[in-house]
Amino acid sequence: MKKISTIILVFTFLISCQQKEKKKEVKINKNFSELKNAIDIYAKETLAEGNINALALSVYKNGEIYHNYYGNINKNGGKPNDNTYFEIASITKVFTGSLIAKAVLEGKIKSEDDIRLYLKGNYSNLEFKGTPITIRNLLTHTLGFKERRPPKFNKIWTDISNGYYESKPIEYSTDEFLEELKSVELDKKPGTFYTYNSVGSEILAYILEQIYQDTYNNILNAFLEDLDMKNSYLEGTRDKKVDLIDGYDEHGNLAPKARNILLGGGGGMVTTLPDLTKFMKFQLESKNPLVKESVKELYTDREGDKIAYLWDVDYGEREGFYYKKTGTSNGVQSVILICPDTKYGLILIMNNTSEKAFIDWATLYERIESDLIKAY
1 MKKISTIILV FTFLISCQQK EKKKEVKINK NFSELKNAID IYAKETLAEG NINALALSVY
61 KNGEIYHNYY GNINKNGGKP NDNTYFEIAS ITKVFTGSLI AKAVLEGKIK SEDDIRLYLK
121 GNYSNLEFKG TPITIRNLLT HTLGFKERRP PKFNKIWTDI SNGYYESKPI EYSTDEFLEE
181 LKSVELDKKP GTFYTYNSVG SEILAYILEQ IYQDTYNNIL NAFLEDLDMK NSYLEGTRDK
241 KVDLIDGYDE HGNLAPKARN ILLGGGGGMV TTLPDLTKFM KFQLESKNPL VKESVKELYT
301 DREGDKIAYL WDVDYGEREG FYYKKTGTSN GVQSVILICP DTKYGLILIM NNTSEKAFID
361 WATLYERIES DLIKAY
């Protein structure tokens, strides 16, 4: 299986020799009980490196589930638990993708639709030499934009990352975003070049509102209720104060909390580990046709990486078909991996985003996944 990203591949290669010396593998071909014990050992060894404050993880194998927490919520102590909330950042996108898949199956939208069918006003700029941006392009980060984000959107995005809006209202609206889209330039044919962004996901959220004549928040909440994910929501949509875990940046400083710049289609979900585990279980066990539709391959880039409805998808020699999504907020890193052919899944969250923490987190991911493949 390909690594979480090219960065993980490089990091894992660089440290692989020393990890073989430092880390003693517990046992191969584990049953589920042995797998749980091994995971606990791996997680504790990871924390012992001193680069990560807290870890939350959940694994699924052949219908059995195990989840646990390690370390402290913040530098003052306090172990995370089932009531601890985590920012999952771009993992939010796959929920948006699922909602689009649902709309496709209901016949309300087509992946090849010109997105201007759902935008009010003149958007003659949203095409390149006669080729329009389609729903498929939004789902696969292949819009063809000259710049990654519209200018004001980009400034607000940067200011949020720097903590400027942590305790003040965001000075940007959906109407302003839609107006900015009218001046966006395309310099590539849509569907030909992959450029990761959150703009497409926000447009998808707006399109869902037009299709269902409801707010994106209500549409998402209805889906979450169907999954019994009662402790998941978009940042800024609940008054109730929750136990949101602190995150730490690359310098070990307390990182600013995430804020939703617009509707929340591209990021901003907050959830608990048990809730996210329900989503993992749904992906692995449900016969709902939207699961199969949402992971249908829609684009392959020049490096061979494949994308579905905002999921990264591929095939592994031992794992078979698999799909995954990572999320990175200012201080929290997360990943969800689904392997339906070999009936396993993995969720791994940490509250640090330094380079050293990322290396440890990636190594832990690889160790656990290696055991999941071999477990029975």
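Mind the numbering: the sequence shown is residues 1 to 376 in full-length UniProt numbering, read in order. Glycine residues also receive a C-beta, built at the ideal position from the N, C-alpha and C atoms. Note that the structure is a prediction, hence the values are computed from the model and not measured.
Check	Outcome
Locate the beta strand (DSSP E) running through residue 321, then write down its first and last residues.	320-328
Could you tell me which residues DSSP puts in a beta bridge with residue 286?	Paired residue(s): none; residue 286 is not in a bridge.
Quick one: Cα of residue 192 to Cα of residue 301, how far?	8 Å
Distance, Cα to Cα, residue 280 vs residue 85?	17 Å
Three or more beta-carbon pairs under 8 Å between the stretch 263-280 and the stretch 200-220, yes or no?	yes
Give me the Cα-Cα distance between residue 21 and residue 294, rounded to the nearest whole angstrom.	Its pLDDT being 39, under 50, residue 21 is placed unreliably in this model, and the value from its coordinates should be taken loosely. Going from the Cα of residue 21 to the Cα of residue 294 covers about 41 Å.
Enumerate, from N- to C-terminal direction, the unbroken alpha helix (DSSP H) stretches of 4 or more residues contained entirely within the stretch 204-268.	216-226
So, with DSSP's three-state summary, where would you put residue 115?	helix
Along the chain, where does the alpha helix (DSSP H) that runs through residue 86 open and close?	Not the alpha helix (DSSP H): residue 86 falls in the beta strand (DSSP E), residues 84-87.
Which one of 252, 257, 374 has the shortest CA to CA distance from residue 75?	252
Suppose contacts are defined by Cβ-Cβ distances below 8 Å. Is residue 188 in contact with residue 123 by that definition?	no
Around the Cβ of residue 56, are there at least 16 other Cβ atoms within 10 angstroms (buried) or fewer (exposed)?	buried
Going by Cα to Cα distance, which pick from 118, 130, 179, 169 is closest to residue 235?	169
Does the structure place the stretch 223-232 close enough to the stretch 107-119 that three or more beta carbon pairs sit under 8 Å?	no
Quick check: the Cα distance between residue 351 and residue 129, rounded to an integer number of angstroms?	45 Å
Taking contact to mean 3 or more Cβ pairs, one atom from each stretch, closer than 8 Å, check whether the stretch 91-102 and the stretch 307-319 are in contact.	yes
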